Amino acid sequence: MVSDGELVDRLRSFLRASDLNTTTTTGAVRRQLEADFNVDLSEKKAFIREQVDLFLSELENEKKEEEEKEEENDEEENGVKEEEEEEEEEDEEDEEEEEERSNGGRSRKRRPKNLCLNASGEVEERMRNEK
């Protein structure tokens, strides 16, 4: 007879290699194990079912952990991007202040831009004096 450890090892190997969307029954798994070991495993139905359920729950837990790690990485990346954007804004403000100081306290005024649609229906920015 085959030991439980050998059954579990082979069952997990079989499930890892299988398309779990099409391997739908524990009967199919049991039949494959019977073919692999060339023994009748009818008395092991409940054990096999438990092992399949255990494998699937572990697989689901692994998937959740991976998703949580990805979310954490995304949050960290977004935090870094936000920090970089803030630093860029601060740098721009510093440059404007420096320019203002070099112009004797006078700031160079920029003309505000208007948004309008071009002939293709795309949004364009135009200076106020442009027609």
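Numbering-wise (this note's numbering), the sequence shown opens with residue 179 and increments by one.
Each residue gets a CB set at the ideal place from its N, CA and C atoms; glycine is no exception.
Treat the numbers as computed from the prediction; the structure is a model and nothing was measured.
Residue burial classification, residue i (beta-carbon count within 10 angstroms, cutoff 16)
{"i": "residue 230", "result": "buried"}
{"i": "residue 293", "result": "exposed"}
{"i": "residue 189", "result": "buried"}
{"i": "residue 222", "result": "buried"}
Residue i to residue j span [Cα, whole Å]
{"i": "residue 246", "j": "residue 232", "result": "21 Å"}
{"i": "residue 194", "j": "residue 235", "result": "13 Å"}
{"i": "residue 264", "j": "residue 271", "result": "11 Å"}
{"i": "residue 133", "j": "residue 206", "result": "The chain is shown from 179 up to 309; residue 133 falls before or after that span and cannot be answered."}
{"i": "residue 228", "j": "residue 242", "result": "21 Å"}
{"i": "residue 237", "j": "residue 250", "result": "20 Å"}
{"i": "residue 200", "j": "residue 262", "result": "47 Å"}
Spatial neighbours of residue i in its chain, beta-carbon cut-off 8 Å, leaving aside the 5 residues before and after
{"i": "residue 219", "result": "180, 185, 208, 211, 212 and 226"}
{"i": "residue 252", "result": "none"}
{"i": "residue 217", "result": "179 and 180"}
Contact belief for residue i with residue j at Cβ below 8 Å, rounded distance in angstroms
{"i": "residue 303", "j": "residue 296", "result": "Going by Cβ atoms, the distance from residue 303 to residue 296 rounds to 11 Å, so no, they are not a contact pair."}
Spatial neighbours of residue i in its chain, beta-carbon cut-off 6 Å, leaving aside the 5 residues before and after
{"i": "residue 215", "result": "180"}
{"i": "residue 298", "result": "none"}
Proximity test, Cβ basis, 8 Å: residue i and chain D
{"i": "residue 180", "result": "Here chain D cannot be found, since the structure has a single protein chain."}
Cut-off 7 Å between Cβ atoms - residues of its own chain near residue i, not counting five sequence neighbours on either side
{"i": "residue 266", "result": "none"}
Counting only runs that start and end within the region 226-254, where is the beta strand (DSSP E) found for 3 or more residues in a row? Entirely contained in the region 226-254, not one beta strand (DSSP E) run reaches 3 residues.
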